[in-house]
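Visitor:
2 protein chains.
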Amino acid sequence: MHNWSNKILLSNTAIRILLISFFITLFQYQGNAQEHPKLILTKAGVEKIRAELGNIPLFDASLAAIKAAVDAEIALGIDTPIPKDYSGGYTHTRHKQNWFTLQKAGVLYQILDDEKYAKYVKDMLMQYEEMYKTLPLHPKTRSYARGKLFWQCLNDSNWLVYVSQAYDCIYDYLTKKERKKLEKNLFRPFADHISVDSPQFYQRVHNHSTWGNAAVGMIGLVMNDQELIDRALYGIKGVNLDKKAKDDDGGYLNKDGKAGFLANIEEPFSPEGYYNEGPYYQRYAMYPFLIFAEGLHNVKPELNIFKYKDGVLLKSINALLNLSDADGDFFPLNDGQKGMSYYTGALVTAVNISYQYGGRDPQLLSIAKKQGKVLLDDSGLAVAIGVRDGKEEAFEKKSINLTDGPDGKQGGVGILRNEGLELVFKYAAQGSSHGHYDKLSYSLYEDGNEVLQDYGLARFVNIEQKGGGNYLKENKTWAKQTIAHNTLVQNETSHFQGKYEIGSQHHSDLHFYDDSDTAVQVVSAKEKNAYPGTEIHRTMAVIKDEDFEKPFLLDMMRVTSNTENQYDLPFYFMGQVIKANFEYESPALAILGEDNGYQHLYLEGKGTPSSKSTVLSWLGNGNFYTLTTITDNADELLFTRLGANDPEFNLRRDAGFMLRRKNTKNTTFVTVIESHGSYSPVTESAINSNSNIKEIKLVLDTADYTAVLITNVKGNSKLFITANTKVLKTTTHTVKISGKDYTWTGSYTYQ
Amino acid sequence: MHNWSNKILLSNTAIRILLISFFITLFQYQGNAQEHPKLILTKAGVEKIRAELGNIPLFDASLAAIKAAVDAEIALGIDTPIPKDYSGGYTHTRHKQNWFTLQKAGVLYQILDDEKYAKYVKDMLMQYEEMYKTLPLHPKTRSYARGKLFWQCLNDSNWLVYVSQAYDCIYDYLTKKERKKLEKNLFRPFADHISVDSPQFYQRVHNHSTWGNAAVGMIGLVMNDQELIDRALYGIKGVNLDKKAKDDDGGYLNKDGKAGFLANIEEPFSPEGYYNEGPYYQRYAMYPFLIFAEGLHNVKPELNIFKYKDGVLLKSINALLNLSDADGDFFPLNDGQKGMSYYTGALVTAVNISYQYGGRDPQLLSIAKKQGKVLLDDSGLAVAIGVRDGKEEAFEKKSINLTDGPDGKQGGVGILRNEGLELVFKYAAQGSSHGHYDKLSYSLYEDGNEVLQDYGLARFVNIEQKGGGNYLKENKTWAKQTIAHNTLVQNETSHFQGKYEIGSQHHSDLHFYDDSDTAVQVVSAKEKNAYPGTEIHRTMAVIKDEDFEKPFLLDMMRVTSNTENQYDLPFYFMGQVIKANFEYESPALAILGEDNGYQHLYLEGKGTPSSKSTVLSWLGNGNFYTLTTITDNADELLFTRLGANDPEFNLRRDAGFMLRRKNTKNTTFVTVIESHGSYSPVTESAINSNSNIKEIKLVLDTADYTAVLITNVKGNSKLFITANTKVLKTTTHTVKISGKDYTWTGSYTYQ
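Those sequence lines, one after another, are chains H and D. According to the working numbering, the first sequence holds residues 1 to 751 in order. According to the working numbering, the second sequence holds residues 1001 to 1751 in order.
1. Going along the chain, which residues of its own chain have a beta-carbon closer than 7 Å to the beta-carbon of Tyr1757 (chain D), five neighbours each way excluded?
2. Would you tell me roughly how many angstroms separate the C-alpha atoms of Asp1197 (chain D) and Leu1323 (chain D), rounded to the nearest one?
3. In chain order, what residues of the same chain have a beta carbon less than 6 Å from the beta carbon of Val735 (chain H), not counting five sequence neighbours either side?
4. List the residues of chain H that Val1577 (chain D) touches, going by C-beta distances under 8 Å, in chain order.
5. Which bits of chain H does Ser1209 (chain D) rub up against, with CB to CB less than 7 Å?
6. Going along chain H in order, which residues have a C-beta closer than 7 Å to the C-beta of Ile1170 (chain D)?
7. DSSP three-state call for Thr210 (chain H): helix, strand or coil?
8. Can you look up Gly339 (chain H) in the DSSP assignment and give me helix, strand or coil?
9. Determine the extent of the beta strand (DSSP E) in which Leu1659 (chain D) is found, giving its start and end residues.
10. For the alpha helix (DSSP H) that contains Pro57 (chain H), what are its first and last residues?
11. When the cut-off is 9 Å and only beta carbons count, does Leu367 (chain H) lie next to chain D?
12. Do the CB positions of Gly448 (chain H) and Ser675 (chain H) come within less than 9 Å of each other?
13. Would you please verify whether the beta carbon of Thr683 (chain H) is less than 9 Å from any beta carbon of chain D?
14. How many whole angstroms separate the CB atoms of Gly1260 (chain D) and Leu1241 (chain D), which I take to be in contact at a CB cut-off of 8 Å?
15. Which same chain residues end up closer than 8 Å to Gly1622 (chain D) when comparing Cβ atoms and leaving out the 5 residues on each side of it in sequence?
16. When the cut-off is 9 Å and only beta carbons count, does Glu636 (chain H) lie next to chain D?
17. Quick one, are the C-beta atoms of Asn1839 (chain D) and Gln1505 (chain D) less than 9 Å apart?
18. Give me, in chain order, the residues of the same chain whose beta-carbon lies closer than 8 Å to that of Ile1305 (chain D); leave out the 5 immediate sequence neighbours on both sides.
19. Just mark Leu76 (chain H) as buried or exposed, buried being the case when its beta carbon has 16 or more other beta carbons within 10 Å.
20. Which bits of chain D does Arg94 (chain H) rub up against, with CB to CB less than 9 Å?
21. Are the region 1137–1153 of chain D and the region 1067–1086 of chain D touching, with three or more C-beta to C-beta distances below 8 Å?
22. Taking C-alpha atoms, which residue in H:Gly597, H:Tyr625, H:Ile265 lies nearest to Asp407 (chain H)?
23. Identify every run of the beta strand (DSSP E) within the region 1409–1489 of chain D, keeping only runs that are complete inside it and at least 3 residues long; order them along the chain.
24. Quick check: the Cα distance between Phe22 (chain H) and Glu277 (chain H), rounded to an integer number of angstroms?
25. Taking DSSP as the reference, what is the three-state secondary structure of Gln521 (chain H)?
26. Within 10 angstroms of its Cβ, does Leu728 (chain H) collect 16 or more other Cβ (buried), or is it exposed?
27. Starting from Leu1102 (chain D) and walking both ways along the alpha helix (DSSP H), at which residues does that stretch end?
28. Tell me whether Thr560 (chain H) sits in a helix, a strand or coil according to DSSP, three-state version.
29. How far does the beta strand (DSSP E) with Pro1570 (chain D) in it reach, from first residue to last?
30. If we ignore side chains and look at the alpha-carbon of each, how far apart do Tyr779 (chain H) and Phe100 (chain H) end up?
31. Report the residues of the region 1430–1462 of chain D with a CB closer than 8 Å to any CB of chain H, ordered along the chain.
32. What does the Cβ neighbour count give for Ser1611 (chain D), buried or exposed, with the cut at 16 atoms within 10 Å?
33. Measuring CA to CA, which of D:Gly1620, D:His1600, D:Thr1042, D:Ala1634 is closest to Thr1614 (chain D)?
34. So Glu1481 (chain D) and Gly1656 (chain D) are supposed to be a Cβ contact under 8 Å. How far apart are they, rounded?
35. Measuring straight from C-alpha to C-alpha, what distance separates His1002 (chain D) and Tyr1144 (chain D)?
36. Answer yes or no: do Ser516 (chain H) and Thr534 (chain H) have a C-beta to C-beta separation smaller than 9 Å?
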């Protein structure tokens, strides 16, 4: 067990926090803030909802579904068992179910004005009060911050975020005495346990703390308890944690001493709203961020929470929606479970709140319509009315560059989109404890399907048989390692030696991003720290050329190093091999290496180039794909298969192709990925099943410029030239290639 | 090159054929048979269509799509290049496109009464006439029966099946002189080439011959050429092939001397309409069967073709629709490409014709609606009107037992369905040259997804880069082998030693089939010839028990042998391993064997049972599945992975689990497969992820009865007893098990 008390240091309250507190106190809003409900529902909002009921299909359907669920729970009777289980066990599942049902029943009481729901909430709360006042720590000891109802404070916080809403809804239904009893014996000590009693959980910038802050703040708002509200917004007064201590995931506990809800907005979000852990964890944190913000907006409008940090909360929703593929599945950057999508409940909240407080963008309505449900509050009402009135427009995802870091200066993620093709290029910071060692990696999608995959996480979330549903060791030995990604591995070691302490000090840097010409969109970034002494500069362009059926990807990776190295560049293609233009042997299956993820790869084939343009085609999701990459005779071409050293079958048996270049200091990898044609097992027609490329050539490669000549099967050639040094958009360049002068303005040209 | 002339024997015309010919001549229909169009469209039909146009959405949409396609072709101009390519090459693709366009243009001329379409057809036909009259054999020599326009007579026949329809449509538009020119120089010699000049292709019972027969017959009907019509119906007069000769696929050319369209209906179809090669090839043969039948129906109604062999053509459509999963994908029995479904064009024809000539079953309309298009003829009109008028009903697939063999006496295929679960149990004959060595094999589906798969074929149909789109050698070395299927392998050799000559002499035998009780449906069959000296008796039950969430599969395989053998029983489960209740080692990947398909399997894990009930769970398609099988201590439990000795990546890397029992004479394998619960990456809830079974026990196993006791996790037990000898449905049995008497009537009991 950790002994956290040793790590807590007392400190003076920061000047900055004092000033903000003063500001808030000065303009303390005194209007209807003491009416109930006031948190998520408002008195005025409830009246509007009641007036529209029966005439707002999306809202009516959501209400009916929730009513059916709550009625079923009421029929079952109330059960608040003495806590004893981990996640998945009965007491855990029961208390989790209870928090959802309480919140819903509270809302039903307000909307339907039916006392049975208020009574149900009251009765259950009284049972909790009776139990909680003498409840010891949860008996399970695995967590770094044990809760009381649940094995971890995180789940206790989940409970309070929901239950504070229920309490708000029946506040006026209760007598003053009843309220006092609940607040004194249940809510106040509950809020204290997850905050002052558990600073290692609460006093951080982390998605766990965000839940804690929201829980404390929301019950504070309902109880009108300024101390709790302040604790929520600014952290526990005077408490600072050891800045070098680490949490169970290997991340720093509190590197720079920041804490509280506002710090949790400031730190992890970049100015455009990119969340440093990636979209999967952003989705998880979205609910407390937004639902507490909605409460603050209603009760403390003077805080202007939705304008905080230049409106980053609402921007983050837009960023998150843009971090999904054509089907709405989030890109699995860092630790991310594939298949998690904007159909998840937190995104219903996000879309509704964004619509309500972010200018009623009609494009959001089309997502709400797909989601098929709305929140039972003012924002859900607004969305349901918008959909009913046919205001929706298609949500158009465009190319977007999202910076990383609180100030937007720690690299970022560039997404280039053209027709069905989506490039996701990651040149971000480490991504906290959920980050992967994948500098300048990318994944490629077409029409919502993976063309070149990011593996995602190695975890079966909530599937108890698979390591209790927790992260599996293969998450560390495979999924986080560099070789699990479509980026460069030097000497079979991961970026930053796979060490969080090193990785978290660095980030890649944007060279340039330019989506101004839809036909030729480019993102370019550099990485100087992953391998000391080696600089990697990757420029990726999504190009629509009239001679090609569809947009294609041009990938140029320029590597310069002080030392001779072995470079491995893997391509995790999704599909079945159709054709290769090189000879290879299929050895008895060997394992590729011993560490850094290589121990999980089998070698299925090994060959050498037969041509300067090495070609591999595959068929996946009904499309043909061809990779053409510039090779020289000494290169090795490897077919790999995931699954070695995986006795529990925790990994998928996915294919890979790897280009290996040995004993090399400086080199440039140039690859084109084309999508072409289609195949259907119903029509059995193979349409346009061959690549449109005859050859690609690196015709210039200096410190200043890299130029690639792409010649198609008709013999037509196009030249892509990119500037390797920082240049102005207005700078005009001229270079001579094969005796001919090429002139252009800006960072790149394609002609 | 084959020298076919040596194999042709002249013989006297069979008495039977003479009699049928006489019968037909006697009742020769003289009505409007000489009007045009008459083949697929009729004069009266065209009038009806014209009257309804604009008011029949499905038909109107189909017409608009076809008009757009034909107009685009007309704009491109006519091209009839000198033949030179294989499939996929330009001349092949062009002539193929031409046949489709000619047929469509002919239909458009009739429906839209626009001469430009007639002129287009005429002009192209004249170009073909000019070329064909001096055209030599196609220059490519790979086929056993070379065509002239195409490399194989099969494609020439495809051409004529379509083009005869076009000719019929513009028959009256042409002058007598023009018709004479076309018939003399193009159609008649064309029909002769694919028949009298290519008897090895034409004079058989085979799907190729069906195309040939239909081609000759359809042009014969249009030309009113009785000689061609007779040749189509009865084969080439006086020609018989060597009965021992084999074709390129290894099948017999013409084992019993039968030929012609009627023989092609009689032989391969069982009385219920099961086609001996399986659904994938039935689908391919459906178009010529039905389109020629429709022509015969219109021009020679006295033949009553849709009532031939007790209406087997229409029954075959019903059989085929029932041989598809919940998504309409055909079960890949024998050589079958996965994903081929009732959305294929041939099934539009089948569904339309079945509706029109088979009693207007409203359930067919729901499939037509999903297909989204109809034929542009009387049958398509009827379907479009039915859909417009809202007559459709859901197509309800029930359990069905389809016999195999012309008389229904060569085994069969039993399909048991309950809720979303579908068991496909194959106890059929060999399935001609496309058959697999998979006696008593099965596959299992849930909601259209594979739970335990049949591998299907090893071929990338029409993908030129993969062996020219033809069968790959892995089709023989893996896909056809017994070990590629969910059935018993003895001593690592395939059934019938994998020899077609032996396999085609035998079939399994039904023991009993009983779907009368929806809750407990059973199919049971025996195989005595796959391994001489060994009898395999497999009984499969799909059981819905109130103590279980969903129906489960009970599989009992009783093996009795004269000799001690090694028995391998593989399970090709689809998904990722969740949990196993036994210990196993993960050795350095070894290859399982050297022949009979074993050379394609890697060994991923090897263990021994820890319990009498060995358990393996996996997650696939969002559901949990658990296999529980009775084991003893000496059994070996193997995890396999497909892909060894597959240098071209022609095989999928699919998982398998195998139960191996060595040195055994008689034994009974008992397995339960449960589907339970669900998992969604969006909700991240793992619902009911554990098996409901505590243990299964073989409590009685004699020559007369096998009894299995299934005990669930609540401790409740149920007994399944099946009779191993033939019994009457009315027979009452009593057996004593553990001192208790069990009494029931019929083949089985579950109590």
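Just so you know, even glycine gets a beta-carbon here, dropped at the ideal spot from N, CA and C.
Guide: Checking against the coordinates, here is how it stands:
1. Not covered by the structure: residue 1757 (chain D). The range shown for chain D is 1001 to 1751.
2. One-based indexing of the second sequence puts residue 1197 (chain D) at position 197. One-based indexing of the second sequence puts residue 1323 (chain D) at position 323. So the two alpha carbons sit approximately 37 Å from each other.
3. The residue you call residue 735 (chain H) lines up with position 735 of the first sequence. Within the same chain, Val735 (chain H) has close Cβ partners Tyr705, Tyr742.
4. If you number the second sequence from 1, residue 1577 (chain D) lands on position 577. Simply Glu648, Phe649.
5. By one-based count along the second sequence, residue 1209 (chain D) stands at place 209. Neighbours of Ser1209 (chain D) on chain H: none; closest Cβ ~21 Å, over 7 Å.
6. In the second sequence, residue 1170 (chain D) corresponds to position 170, counting from 1. For Ile1170 (chain D), no chain H residue has a C-beta closer than 7 Å to its own C-beta; the minimum C-beta separation is roughly 27 Å.
7. In the first sequence, residue 210 (chain H) corresponds to position 210, counting from 1. Secondary structure at Thr210 (chain H): helix, using DSSP grouped into helix, strand and coil.
8. Within the first sequence, numbered from 1, the residue matching residue 339 (chain H) stands at position 339. In the three-state scheme derived from DSSP, where H, G and I count as helix and E and B as strand, Gly339 (chain H) is classed as coil.
9. Residue numbering aside, residue 1659 (chain D) sits at position 659 when the second sequence is read from its first letter. Where Leu1659 (chain D) is concerned, the enclosing beta strand (DSSP E) starts and stops at 1655–1664.
10. On the first sequence, position 57 is the one that residue 57 (chain H) refers to. Unbroken alpha helix (DSSP H) run through Pro57 (chain H): 57–76.
11. Counted from its first residue, the first sequence places residue 367 (chain H) at position 367. First, the amino acid is wrong: residue 367 (chain H) is Ile here, not Leu. Chain D, which has no Cβ nearer than 9 Å to the Cβ of Ile367 (chain H), makes this no.
12. Sequence index remark: in the first sequence, residue 448 (chain H) carries index 448 (1-based). Sequence index remark: in the first sequence, residue 675 (chain H) carries index 675 (1-based). Contact: no.
13. Here the question's residue 683 (chain H) lines up with position 683 in the first sequence. Chain D has a Cβ within less than 9 Å of the Cβ of Thr683 (chain H).
14. Taking the first residue of the second sequence as position 1, residue 1260 (chain D) is located at position 260. Taking the first residue of the second sequence as position 1, residue 1241 (chain D) is located at position 241. That belief does not hold up - the Cβ atoms of Gly1260 (chain D) and Leu1241 (chain D) are roughly 13 Å apart, past 8 Å.
15. Your numbering for residue 1622 (chain D) matches position 622 in the second sequence. Around Gly1622 (chain D), the same chain offers Ser1678, Tyr1679, Ser1680 as residues with beta carbons nearer than 8 Å, after the five sequence neighbours per side are excluded.
16. The residue given as residue 636 (chain H) occupies position 636 in the first sequence. At a cut-off of 9 Å between beta-carbon atoms, Glu636 (chain H) makes no contact with chain D.
17. Outside the shown range of chain D, which is 1001 to 1751, sits residue 1839 (chain D), and nothing can be said about it.
18. Position 305 of the second sequence, counting from 1, holds the residue named residue 1305 (chain D). Answer for Ile1305 (chain D): Ala1293, Leu1296, His1297, Leu1313, listed in chain order.
19. Start at 1 with the first residue of the first sequence, and residue 76 (chain H) comes out as number 76. By the neighbour-count rule (16 or more Cβ atoms within 10 Å), Leu76 (chain H) is not buried but exposed.
20. Mapped onto the first sequence, residue 94 (chain H) falls at position 94. Residues of chain D whose Cβ lies closer than 9 Å to the Cβ of Arg94 (chain H) do not exist; the shortest such Cβ separation is about 15 Å.
21. In short, these stretches touch, since the Cβ pair count reaches three.
22. Position 407 of the first sequence, counting from 1, holds the residue named residue 407 (chain H). The option with the nearest alpha carbon to Asp407 (chain H) is H:Ile265.
23. The region 1409–1489 of chain D contains these whole beta strand (DSSP E) runs: 1412–1418, 1421–1427, 1441–1446, 1449–1452.
24. As a working mapping, residue 22 (chain H) is identified with position 22 in the first sequence. As a working mapping, residue 277 (chain H) is identified with position 277 in the first sequence. Caution applies to Phe22 (chain H), whose pLDDT of 43 falls short of 50 and renders its modelled position unreliable; the model cannot decide the point.
25. In the first sequence, counting from the first residue as 1, residue 521 (chain H) sits at position 521. Residue state, collapsed to three classes: strand.
26. Numbered from its first residue, the first sequence carries residue 728 (chain H) at position 728. Result: exposed.
27. Residue mapping note: residue 1102 (chain D) aligns to position 102 of the second sequence, counting from 1. Residues 1090–1112.
28. By 1-based counting over the first sequence, the position of residue 560 (chain H) is 560. Thr560 (chain H) falls in the strand class under three-state DSSP.
29. Position 570 of the second sequence holds residue 1570 (chain D). 1565–1571 is the span of the beta strand (DSSP E), which, as asked, contains Pro1570 (chain D).
30. Because residue 779 (chain H) is not part of the residues shown, which for chain H are 1 to 751, the question remains open.
31. Those residues of the region 1430–1462 of chain D that come within reach of chain H (Cβ to Cβ, closer than 8 Å) are Phe1460, Val1461, Asn1462.
32. As a first step, residue 1611 (chain D) is located in the second sequence; it is residue number 611 there, counting from the start. When all chains shown are included, Ser1611 (chain D) counts as exposed.
33. Within the second sequence, the letter at position 614 stands for residue 1614 (chain D). Thr1614 (chain D) has its Cα closest to that of D:Ala1634, out of D:Gly1620, D:His1600, D:Thr1042, D:Ala1634.
34. For the purposes of this step, residue 1481 (chain D) is taken as residue 481 along the second sequence, with counting starting at 1. For the purposes of this step, residue 1656 (chain D) is taken as residue 656 along the second sequence, with counting starting at 1. Note that residue 1481 (chain D) is Gln in the sequence shown here, rather than Glu. At roughly 13 Å, the Cβ-Cβ gap does not stay under 8 Å, so Gln1481 (chain D) and Gly1656 (chain D) are not in contact.
35. The count along the second sequence starts at 1 and reaches residue 1002 (chain D) at position 2. The count along the second sequence starts at 1 and reaches residue 1144 (chain D) at position 144. For His1002 (chain D), the predicted model reports a pLDDT of 43, less than 50, meaning its position is unreliable and no value from the coordinates is stated.
36. The residue labelled residue 516 (chain H) in the question sits at position 516 within the first sequence. The residue labelled residue 534 (chain H) in the question sits at position 534 within the first sequence. In this structure, Ser516 (chain H) keeps its C-beta atom at 9 Å or more from the C-beta atom of Thr534 (chain H).
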